[in-house]
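Heads up, the sequence shown is in our numbering, so the first residue is 33 and it goes up one at a time.
Everything below concerns the one structure shown next.
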Amino acid sequence: MQKKMITAVLGPTNTGKTFQAIETMLSFDSGMIGFPLRLLAREVYDKVIEKINPKKVALITGEEKIIPSDAKYFLCTVESMPIDKNLDFVGIDEIQMCFDHERGHIFTDRLLNLRGEKLTMFMGSDTIKNIILKLEGDIEFIAKERLSKLIYTGHKKISRIERKSAIIAFSTEEVYAIAELIRRQKGGAAIVMGSLSPKTRNAQVDLYQSGDVDYLVATDAIGMGINMDLDNIYFSNLKKFDGKKLRRLNLSEIGQIAGRAGRYLNDGSFGITGNSGDIGSEEIELIENHKFDEIRTLYWRNSKLNFSSSLNLLKSLDEKPKYDWLRRIHECEDEKVLKYFLKENNTQIDKNNENQLKLLWECCQIPDFVKKNYGHHLEVVNKVFGFLNKKGGKVTNQYMKKQLLQLDKLEGNVDSISNRIANVRTWSYVSNKVNWVENQDYWIERTKNIEDKLSDRLHEELTKSFIDKRASVLARGLKQDINFKTEILDNGKVLINNQFIGQLNGLKLELDLKVDALDTDIKSLKKAAKQNIEPEILNRIRQIEETSLIELNDDFKIYWKNFPVAKLSPGKDYLNPEINLIIDDMIDGSDKSYFCKFLKDWVSKKINSELKSLTDLKNINTRNTSIRALAYQLYENNGVVKRENVKDFLKKLAQEERKILRNLGVKFGRYHIFLFKLFKPSAVSLRIALWKNFHQKYFDLKPPTFGLNFLYEKKDYSKDFMLLCGFEKFDNFFVRIDILERLFMKIMNLRNENEKEKRN
33 MQKKMITAVL GPTNTGKTFQ AIETMLSFDS GMIGFPLRLL AREVYDKVIE
83 KINPKKVALI TGEEKIIPSD AKYFLCTVES MPIDKNLDFV GIDEIQMCFD
133 HERGHIFTDR LLNLRGEKLT MFMGSDTIKN IILKLEGDIE FIAKERLSKL
183 IYTGHKKISR IERKSAIIAF STEEVYAIAE LIRRQKGGAA IVMGSLSPKT
233 RNAQVDLYQS GDVDYLVATD AIGMGINMDL DNIYFSNLKK FDGKKLRRLN
283 LSEIGQIAGR AGRYLNDGSF GITGNSGDIG SEEIELIENH KFDEIRTLYW
333 RNSKLNFSSS LNLLKSLDEK PKYDWLRRIH ECEDEKVLKY FLKENNTQID
383 KNNENQLKLL WECCQIPDFV KKNYGHHLEV VNKVFGFLNK KGGKVTNQYM
433 KKQLLQLDKL EGNVDSISNR IANVRTWSYV SNKVNWVENQ DYWIERTKNI
483 EDKLSDRLHE ELTKSFIDKR ASVLARGLKQ DINFKTEILD NGKVLINNQF
533 IGQLNGLKLE LDLKVDALDT DIKSLKKAAK QNIEPEILNR IRQIEETSLI
583 ELNDDFKIYW KNFPVAKLSP GKDYLNPEIN LIIDDMIDGS DKSYFCKFLK
633 DWVSKKINSE LKSLTDLKNI NTRNTSIRAL AYQLYENNGV VKRENVKDFL
683 KKLAQEERKI LRNLGVKFGR YHIFLFKLFK PSAVSLRIAL WKNFHQKYFD
733 LKPPTFGLNF LYEKKDYSKD FMLLCGFEKF DNFFVRIDIL ERLFMKIMNL
783 RNENEKEKRN
């Protein structure tokens, strides 16, 4: 009998071993490749059907089966490989998984017993080379060398980790915690875990590959043939729970994961972060040079089981290997479940019925995807076995409907959605088993649709939880000196590369800062804003200077298009206020100084125009002390004084001196001396605002509605403030002082007329 050909393609990660296997398989008329992950099998399936007719390609995993009737090429998970087919080519990827503590026995069984008619190809680490040499057959070794270097870069804080990096953790909780930290410091990270459905995993990887995020947080699933454009790998931990105990990763495992850094000719680096233990200098040299200890023993379990009785079944499971380089794997999950049911004296099981025992063993191999409630898993196995153990029995439509009804819900957080997906995967596995469920095609489609819906929802929730798109866009753009696309919408909202960063109100950008914003978020926002918003603010300043379309309101603020651009503060006197700009810090000192001077000149012109009689009075040029004394009193009291308060000054004024003051707008009334031009609405508003600003009081009081001549007295009216506004208290009323003077003149005229009539 002619020995069968075996080719072992061995070498570090990222050397094209899987690609070579695919090309080799397609050069034959038929073939099959077994992969360590469902998502990797799916990824390769999608690539192959782009090259050849999809009707020739099958995908077989525990939860998904696409098997065209004319299929010639089979892409499978290692566990799901059909071992009864005669195919030209058979390949096993990541063959060093024979040494895995949980699944090694499956890989070892394929290594020992599964062959292609023309060629068998094993792809993986060269640590297994000495074991492959022990196999029967014509064996050819193809050594694959990395085309780029792998370099150790030591410890880095997560905040200092560069772009295009993956951070490796070994528990879901740790993955989420790191992703949250990166979201806050770097804008976000994509998540890759073996437990994710292929659809969610692919959507997350697309986020990274498209550049929406620059970081990846992953479990060691990343070490299994998932190729991405990564420059750096950082370990947050060097210990993992292997199903039995917490242990340190061995060097080949570290190397397998670290090797994902760098692609083709680009060098890669690896390092540690967080509280990870150190990697020794000797270990570093071995990892950098891909020199790892040879695998000397493989995990093995007898696959030729005896189902004649429960005792014989357990005995055959416990059989020891015949080669010293094979080691009996510790009790696997399916064995534990089997022993539980056999020891429970389940009345459903005839322990001497071969068919029943075969069926029970098959049911025990239903994967525990949820891994949180062992009792629930046992219940699932028991229920499925109960249905199948009946004559012609299948899991009923009613039972399947009931199980999926509670899972077909989209609400909840990441954990609850992930848990639902895990449960759906169980029923997807059951549906895909031949003749296990009624109406099989329907339930295959139904479970796939639910998983897809939940996967989309999980992707959304992961993205929402662990990616701050805005921070990510800004951080990446600033590091790469990218010119941002800036939009300022009509409502003042500012978008940079379609990300809302804040509101441009007048000349000040109000940044949209989240509650937990870190200094790094604020710095990147400010830097991006300066780069893109500064020119717009300067343009607005130029518009204001060219048009002077601004106004001073009674809140002491100068407004442009309903936005304050400056605020008055007390100056040396009330007609000379200080100007404080309401302008963004990104505008430099010289532009601010020039604009401040413009506003100061504008306010000064406004005061000189609308309060001319008051400024003229202040600036009166005379040596006459009597005139100057009364002018000072009028100016100090904002253009209005009670006559009785200045009677001593009035006595000293001759008619010529009064005439000088009248020419300046002073009116000498019976009760008041005042500047009558200051009682126009615009003048009242301006001088009251200036008066409030200087004295810093009367803030809650407003001038009476313009046009009113009389006001009924209220408790909240201040006599002093009302006098400033031009109203005098008279009995129970406030009367406008110019109206009061007219009334006085009318009364005087009537009195004179009455006296004339009496004399006549």
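Cβ coordinates follow ideal geometry from the N, Cα and C atoms, glycine included.
Because the structure is a prediction, the values reported are computed rather than measured.
Proximity to residue i [Cα-Cα], best of the options
i, options, result
"valine 224", "Ile200, Ala250, Asn234", "Ala250"
"methionine 153", "Tyr406, Asn85, Gly66", "Gly66"
"phenylalanine 28", "Arg660, Asn338, Leu71, Glu206", "Here the chain has residues from 33 to 792 only, and residue 28 is not among them."
"arginine 135", "Asp763, Glu483, Cys364", "Cys364"
"leucine 793", "Gln380, Phe417, Lys375, Glu376", "Residue numbering for the chain in the displayed model covers 33 to 792; residue 793 lies beyond these limits and cannot be assessed."
"glycine 294", "Pro399, Thr518, Met780, Ser180", "Ser180"
"glutamate 578", "Leu358, Tyr474, Leu631, Val462", "Leu631"
"leucine 710", "Asp763, Asp648, Thr654, Leu662", "Asp648"
"lysine 638", "Asp620, Ser717, Arg574, Pro602", "Ser717"
"isoleucine 160", "Glu493, Gly538, Gly43, Lys423", "Gly43"
"lysine 650", "Ala663, Asn640, Ile659, Ser658", "Ala663"
"isoleucine 210", "Pro230, Ala235, Phe173, Ser308", "Ser308"
"asparagine 537", "Leu144, Glu519, Asn594", "Asn594"
"glycine 425", "Glu470, Gln438, Ile381", "Glu470"
Segment limits, alpha helix (DSSP H) that includes residue i
i, result
"serine 301", "No alpha helix (DSSP H) holds serine 301; the beta strand (DSSP E) holding it covers 300 to 304."
"isoleucine 235", "Looking at the sequence provided, one finds alanine at residue 235 rather than isoleucine. Unbroken alpha helix (DSSP H) run through alanine 235: 230 to 241."
"proline 713", "713 to 727"
"arginine 660", "657 to 668"
"alanine 290", "283 to 290"
"aspartate 633", "621 to 642"
"tyrosine 77", "70 to 83"
"leucine 343", "342 to 349"
"methionine 432", "429 to 437"
Residues near residue i by beta carbon distance below 8 Å, same chain, minus five either side
i, result
"serine 197", "Asp246, Tyr247, Leu248, Leu262, Asp263, Asn264, Ile265, Tyr266"
"tyrosine 184", "Ser301, Phe302, Gly303, Ile311, Ile316, Ile319, Glu320"
"cysteine 757", "Val716, Ile720, Pro735, Pro736"
"arginine 359", "Thr329, Leu330, Tyr331, Trp332, Pro353"
Outcome for residue i when other beta-carbon atoms lying within 10 angstroms are tallied against a minimum of 16
i, result
"proline 609", "buried"
"alanine 175", "exposed"
"valine 547", "Since pLDDT at valine 547 reaches only 47, below the 50 mark, its modelled position is unreliable, and no value is offered."
"methionine 354", "Residue 354 is actually lysine in this sequence, not methionine. Classification of lysine 354: exposed, given that the 10 Å Cβ count is below 16."
"lysine 496", "exposed"
"threonine 140", "buried"
"tyrosine 626", "exposed"
"methionine 57", "buried"
"leucine 165", "exposed"
"tryptophan 592", "buried"
"alanine 686", "exposed"
"threonine 305", "buried"
"valine 413", "buried"
"lysine 422", "exposed"
Close Cβ partners of residue i (< 6 Å) along its chain, the five nearest in sequence each way excluded
i, result
"lysine 724", "Tyr730"
"leucine 281", "Leu270"
"aspartate 680", "none"
"methionine 37", "Leu151, Asp170"
"asparagine 741", "Arg768, Ile771"
Start-to-end residues for the beta strand (DSSP E) that takes in residue i
i, result
"aspartate 264", "Note that residue 264 corresponds to asparagine in the displayed sequence, not to aspartate. First-last of the beta strand (DSSP E) with asparagine 264: 264 to 267."
"leucine 521", "Counting along the chain, leucine 521 falls outside any beta strand (DSSP E), and DSSP gives it neither H nor E."
"tryptophan 468", "Premise fails: tryptophan 468 is in no beta strand (DSSP E) and is neither H nor E."
"glycine 186", "182 to 187"
"glutamate 542", "540 to 543"
"leucine 696", "Run containing leucine 696: none; DSSP gives neither H nor E here."
Residues that DSSP places opposite residue i in a beta bridge
i, result
"tyrosine 591", "Glu583, Pro596"
"phenylalanine 753", "Phenylalanine 753 is not bridged to any residue."
"leucine 91", "Ile98, Leu107"
"glutamate 760", "Val767"
"tryptophan 475", "According to DSSP, tryptophan 475 bridges with nothing at all."
"alanine 175", "Leu42"
"valine 249", "Ile199, Ile223"
Close beta carbons around residue i, own chain, < 7 Å, minus the five adjacent residues each side
i, result
"asparagine 656", "Glu689"
"methionine 33", "In this predicted model, methionine 33 has a pLDDT of only 43, less than 50, meaning its place in the structure is not dependable enough to derive any value."
"leucine 733", "Ser750, Phe753"
"leucine 494", "Ile223, Gln236, Val446"
Residue i beta carbon near the ligand GTP (any heavy atom closer than 7 Å)
i, result
"glutamate 177", "This structure lacks the ligand GTP; in fact it carries no ligand of any kind."
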